[in-house]
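Chains as they are written, first to last, in this note's numbering: chain A, 12 to 470; chain B, 12 to 470; chain C, 12 to 470.
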Amino acid sequence: MTTGIRIRTFGRTRAVVLAGVVLLLLGGQGFADVEEPAAPATVQSLSETIQSMNIGLDTMWVTIAAMLVFFMQAGFGMVEAGFIRAKNTCNILTKNFLDYSLASLMFFLVGYAFMFGDGSFIGREGFCLLHVPDVIAGTNVQKWAFWFFQAAFCGAAATIVAGGMAERMKFPAYLMYTVIISALVYPIIGHWIWGGGWLAKLGFKDFAGSTVVHATGGWAAFIGTILLGPRLGKYVNGKTKAIAGHNIPLACLGVFILWFGWFGFNPGSTLAVGDGSGLALVAMNTNLSAAAGAVTAMIVVWILMGKPDLSMTMNGALAGLVAITAPCAFVTPSASILIGAIGGVIVVLGVLLLDHIRVDDPVGAVPVHGMNGLWGTIAVGLFDVQDGLFNGGGAKLLGTQVLGTLCVSLFVIASMGLVFFAIRKTIGLRVGRDEELRGLDIGEHGMESYAGFQIFVTE
Amino acid sequence: MTTGIRIRTFGRTRAVVLAGVVLLLLGGQGFADVEEPAAPATVQSLSETIQSMNIGLDTMWVTIAAMLVFFMQAGFGMVEAGFIRAKNTCNILTKNFLDYSLASLMFFLVGYAFMFGDGSFIGREGFCLLHVPDVIAGTNVQKWAFWFFQAAFCGAAATIVAGGMAERMKFPAYLMYTVIISALVYPIIGHWIWGGGWLAKLGFKDFAGSTVVHATGGWAAFIGTILLGPRLGKYVNGKTKAIAGHNIPLACLGVFILWFGWFGFNPGSTLAVGDGSGLALVAMNTNLSAAAGAVTAMIVVWILMGKPDLSMTMNGALAGLVAITAPCAFVTPSASILIGAIGGVIVVLGVLLLDHIRVDDPVGAVPVHGMNGLWGTIAVGLFDVQDGLFNGGGAKLLGTQVLGTLCVSLFVIASMGLVFFAIRKTIGLRVGRDEELRGLDIGEHGMESYAGFQIFVTE
Amino acid sequence: MTTGIRIRTFGRTRAVVLAGVVLLLLGGQGFADVEEPAAPATVQSLSETIQSMNIGLDTMWVTIAAMLVFFMQAGFGMVEAGFIRAKNTCNILTKNFLDYSLASLMFFLVGYAFMFGDGSFIGREGFCLLHVPDVIAGTNVQKWAFWFFQAAFCGAAATIVAGGMAERMKFPAYLMYTVIISALVYPIIGHWIWGGGWLAKLGFKDFAGSTVVHATGGWAAFIGTILLGPRLGKYVNGKTKAIAGHNIPLACLGVFILWFGWFGFNPGSTLAVGDGSGLALVAMNTNLSAAAGAVTAMIVVWILMGKPDLSMTMNGALAGLVAITAPCAFVTPSASILIGAIGGVIVVLGVLLLDHIRVDDPVGAVPVHGMNGLWGTIAVGLFDVQDGLFNGGGAKLLGTQVLGTLCVSLFVIASMGLVFFAIRKTIGLRVGRDEELRGLDIGEHGMESYAGFQIFVTE
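Right, dumping it as structure tokens:
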């Protein structure tokens, strides 16, 4: 099978860039012996060279951004692992490892085609990237880079769910879920918004995925954790018991890695370097929103609970990041601070609300990704410098944003609810009581996370 | 409020880059449907395109560098956490989280204006980046990227202090300190050296901040830890007791992250890609100096203490990194090895000296950042390829360097001494004896770092 | 000594880039006051500007890639630390720290010259980079960046061995080994393949180092661990005892960091941005192969051992990464999936095989780097889109690949066998029995990794 590989032909590259790429043709890092003598430059040849450099530059930018988005996987893994108990740590990390790996393969085989191919409800072209043009239409980005960037996004959507359903979900059930969300559900939503589908046509704006990625992952986690039921010992005799995370420094590192990776997620979504103003504004807004979210979450939890809790502060930063993901390219830095600040309040209240309604979400996936995915998407309608309500743009965009993000959230809850229900009826969603008490590391994987350490296994 | 947002207008971008940025206008990662037909290229149009690409390229470079500098925050957090006791780990990580977040907000509101605005002792323009031109004068860097890069530096200066004052400082006192250093003290020093102030006018050279960032943070930690007093049990009956760090692998990871992030800190300070020689030399010098510092620190501690201690080796690498920060663009690779090697010796002797004079600096912030900040700045006067003493440049530059770094260090000690003294007299600097014994995680934050693990709480 | 430093002269840089680099001349991040008025652009001047920008762009790309390769050192450290027992963790991290530092210094002093200088068996020019031209011939990369990239590769080759010989090797012996491999053995092999030596002349293709780096490190670990002998308690009374790693989350983080860093290792080996197609394809192939390796390793271990073991899954991802390193630029994405999938099978069978023949390799360095280094190199001969056996290219390339990788592997086993044997006969390779039981952290370094934690020290 050929996927139209083109590495041997550099038709666009000329003159000055030739020396460099010649290496690629000869194989490996060694030195080329021969250099073609450059013809005298003309306006035409310079224009072509610049065009090729632009494609190279934008492709490099998107590739670097994709690396950073990939690295978020480590962030998710460490946050999720750190916030749960030691006895289930290998389990969540295996899920984390496998969801990215399976998402990569699925997104190559079918996901990309479903998301970016022509079609109305769902795309239907580009399986295995066959017949996709070398440079993605409307961009200066080589298809390999565009795929890599989008595949990493797909992996992020998949992995969000692991945290919400942690400490009790069967491993084979998780593998099944992950194939379905990355091959089908995420690409369908992506098609609607970024693939030219009905929401794109309505003018729905989601710059880097508050809805596409985070609301999708967050609300899938919501319905999943409801269908799973709470962890043993979480709600006993009408009381909610806090189950402390086993490794807060690891979780903290994870949040920093996520914040770092978000600088690929959001600025990379420009898909172009241009004159740099776009990617730079997005990076600054992303940073300010995260900072504001951390500060307000700390203040709110301090007021409500009496102490500045670190876990909540970290979730506040993540809330700010999720919330700014949709609007990051459309709003001012000052608005970004406000958006993140509100995100930090939402996440604290969201955590309390979930405990109140007895939905057991061990790492806060629903408040962070679901609720703030909604909030960030709606915030575009309020703060957009062109069409936002607060900038005199009227309520049209706001309406579209509310409609779009609600439709997606409901679609996710319905479709993933069906999926989880079907899994529950067949291979089963939840491990047995004994295994849950003893820990899934032993039960599912036959290993333990911290051999040699003395650890109390609780409930 | 508007901060002069310009994302909708790409006046400079033309012809070939248009396709890419058009996306930005239409919102999100989806595809643009329309492409303006490119007019035939002329020398004039190509020249403008190249100018725009250059701005894009330099802005992208500085933005990527800023991401790396941000990531150093994770490195600082893990080093500081790993080198202290488990019972105070959440506390230092919360400080780490909040100092970066507050520094980001402060540097947006006032810090940037104090540092880079016109003015003599302190800048007075550019609050919230209002009226700052799109592209920073004298560079090809968009203001958003320049701000992000500088804000991350500000956060680094603030966080250095957390380590020196670890395990006993009140959390609210830390928040107060962090607002003052990031909003006022750091920007003033930055203004003197990088904002066109009196040291800049004298010809003082500090390429990436051995003095601006590291001496500032290091000497603030010095005066802070003196005013706090040593940890309980550190100096008992005339004897110094080693208090071992609780998680050396975490600290080691932190050092690697710092080293990695330093490749944004130093090479990014070129603020330009140019023909690449500047950023590449800086990267190489940074790497060689760190390597040399690690090796000499290991050798010296091996000779003095009998074993190749890992903590000291890691601090040796950090010492090399701090020392090369000022001279990295002005010296040869061979000189970089020498500068780092001497840094590695300084850090070991500095740790011993501090214990001798009973200044309790749990993570070595003063020897690493303060002493090597001085050394690196002075090293410019010795090894500068143009004006260094050892390159026949006479003692003029050396004199300026010594004067500048001493003035800054004394200013920091005086101003921050005043700040810490005022905090001590009002809300108090230090937690109570019982809380210190039990650990600040419980006392300040109501949580613990390693739930389930059996840990001996010492002293 | 001068190493031909050129930072003061930017002969190639003109017109538009001038503003940016002027900063560099004036020292530090401050603003330049003066800007030379740009002469009117001509085709000639634009052509020179573009040439300079190309050098800048490719140099920046290689420098960023080098940073990522450096960061792999953290990945190696965390994987190796996590997979062994707590009592030997500081020891392996110190080795990890020092091998990179020593490799950096050695590769500056002599390694670069041995690898890339003219010469037949070994290079003989470019010690301390003296007389190396500013821009590396056949590329658009400044020598400083090229050196940094190659030095980071050298460090990677050195550090692979630490894992295989973990938990029993003397620290001074390790320092001696590391100097020899980084100053001599690795550069010789690199010279043969990337420095224009005999394998390069035969047409041997190793894009990013399946053989140069991984087979070298892997087979050095193989002979080293044989000469060391197994850990106490590993093979007792004809039975193999599993010795569990002490911190699987840390190892998992390490694998993610390695995967992340590999995006510098492989795509960076293009040494050029060009039109981006090369680096983007390489990035995508790298990702797919790693994903496939993780999935097949999980499946195979699940079938053979009954549970989806996380350690094996992680080693599967690493196997996929090693295997795709040689062919990543020469094969299609579909072939990359196949190559990685086979790599995942090889690593599981390889671990079992080593236990069968009683070679005690605590972290799986030999199956991951040695066996998959071979496999990846051979895979070029099968799947190369131009000359691969399966693409109708005949068996010529395949023959060259098999010959080349086998010669290198045998050379490594012979030369490093001699080195380890000589070390054993002089200062000794292995710590004493008591020290091994108590742990090398105390014995070699006088410290412990997790002060305060209650840990069972096993065997």
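Just so you know, even glycine gets a beta-carbon here, dropped at the ideal spot from N, CA and C.
Since we're looking at a predicted model, the values are computed, not measured.
Own chain partners of residue i with C-beta closer than 6 Å, once the 5 adjacent residues on each side are dropped
i, result
"H257 (chain B)", "R96, A97"
"I234 (chain A)", "I424, M427, G428"
"P278 (chain B)", "L290, V293, A294"
"R135 (chain B)", "G128"
"A168 (chain A)", "Y197, V224, T227, G228"
Close Cβ partners of residue i (< 7 Å) along its chain, the five nearest in sequence each way excluded
i, result
"A301 (chain C)", "W270, A328, G331, L332, G351"
"N296 (chain B)", "I335, C339, V342, P344, S347"
"A148 (chain C)", "none"
"L261 (chain A)", "M89, A92, G93"
"V121 (chain B)", "F138, A194"
"A303 (chain C)", "G331, I348, G351, A352, G355"
Residue burial classification, residue i (beta-carbon count within 10 angstroms, cutoff 16)
i, result
"L141 (chain A)", "exposed"
"M110 (chain C)", "Looking at the sequence shown, residue 110 (chain C) is not Met but Asp. Flag for D110 (chain C) reads buried."
"H225 (chain B)", "buried"
"Y461 (chain B)", "buried"
"H367 (chain C)", "exposed"
"N65 (chain A)", "buried"
"K106 (chain B)", "buried"
"M71 (chain B)", "buried"
Proximity test, Cβ basis, 7 Å: residue i and chain B
i, result
"F108 (chain C)", "yes"
"P260 (chain A)", "yes"
"H456 (chain C)", "yes"
"H225 (chain A)", "no"
"I466 (chain A)", "yes"
"M295 (chain A)", "yes"
"G404 (chain C)", "no"
"S58 (chain C)", "no"
"L120 (chain C)", "no"
"Q161 (chain C)", "no"
"S280 (chain C)", "no"
"H257 (chain A)", "yes"
CB contact below 7 Å: residue i versus chain C
i, result
"A156 (chain A)", "yes"
"D286 (chain B)", "yes"
"C263 (chain B)", "yes"
"F274 (chain B)", "yes"
"I191 (chain A)", "no"
"L34 (chain B)", "For L34 (chain B), the predicted model reports a pLDDT of 40, less than 50, meaning its position is unreliable; a value from the coordinates is still stated below. Not one chain C Cβ lies under 7 Å of L34 (chain B)."
"I66 (chain A)", "yes"
Neighbour flag for residue i against chain A, beta carbons, 7 Å
i, result
"G271 (chain C)", "It should be pointed out that residue 271 (chain C) corresponds to Phe in this sequence rather than to Gly. Yes, because at least one Cβ of chain A sits closer than 7 Å to the Cβ of F271 (chain C)."
"N326 (chain C)", "no"
"G439 (chain B)", "no"
Same chain, Cβ closer than 8 Å to residue i, neighbours up to 5 away in sequence not counted
i, result
"I237 (chain B)", "V370"
Problem - Cβ-based contacts, 9 Å cut-off: residues of the stretch 336-362 of chain C near chain A - result: Residues of the stretch 336-362 of chain C with a C-beta atom less than 9 Å from some C-beta of chain A are A337, A340, F341, V342, T343, P344, S345, A346, I348, listed in chain order.
Exercise for the section: Check whether the stretch 195-209 of chain C touches the stretch 450-463 of chain C, counting contact only when three or more Cβ pairs, one atom from each stretch, lie closer than 8 Å. Expected result: Output reads no: the stretch 450-463 of chain C does not touch the stretch 195-209 of chain C.
Exercise for the section: Using a Cβ-Cβ cut-off of less than 8 Å, list which residues of the stretch 297-321 of chain A approach chain B; keep chain order. Expected result: N298, L299, A301, A302, A303, A305, V306, M309, M316, G317, K318, P319, D320, L321
Practice task
Report the residues of the stretch 93-105 of chain C with a CB closer than 7 Å to any CB of chain B, ordered along the chain.
Solution key: If the cut-off is 7 Å between Cβ atoms, the stretch 93-105 of chain C has T100, C101, L104, T105 near chain B.
Practice task
Please name the residues in the stretch 135-146 of chain C whose beta-carbon is closer than 8 Å to at least one beta-carbon of chain B, in chain order.
Solution key: If you check each beta-carbon in the stretch 135-146 of chain C against every beta-carbon of chain B, the ones closer than 8 Å belong to C139, L140, D145.
Exercise for the section: Tell me, please, whether the stretch 388-401 of chain A touches the stretch 280-290 of chain A by the rule of three or more beta-carbon pairs shorter than 8 Å. Expected result: no
Handout entry: Proximal residues, the stretch 69-92 of chain C versus chain A, C-beta separation under 8 Å
Key = D69, W72, I75, L79
Exercise for the section: Pair every Cβ in the stretch 430-438 of chain A with every Cβ in the stretch 184-193 of chain A, then say whether three or more of these pairs are closer than 8 Å. Expected result: They touch, by the three-pair rule.
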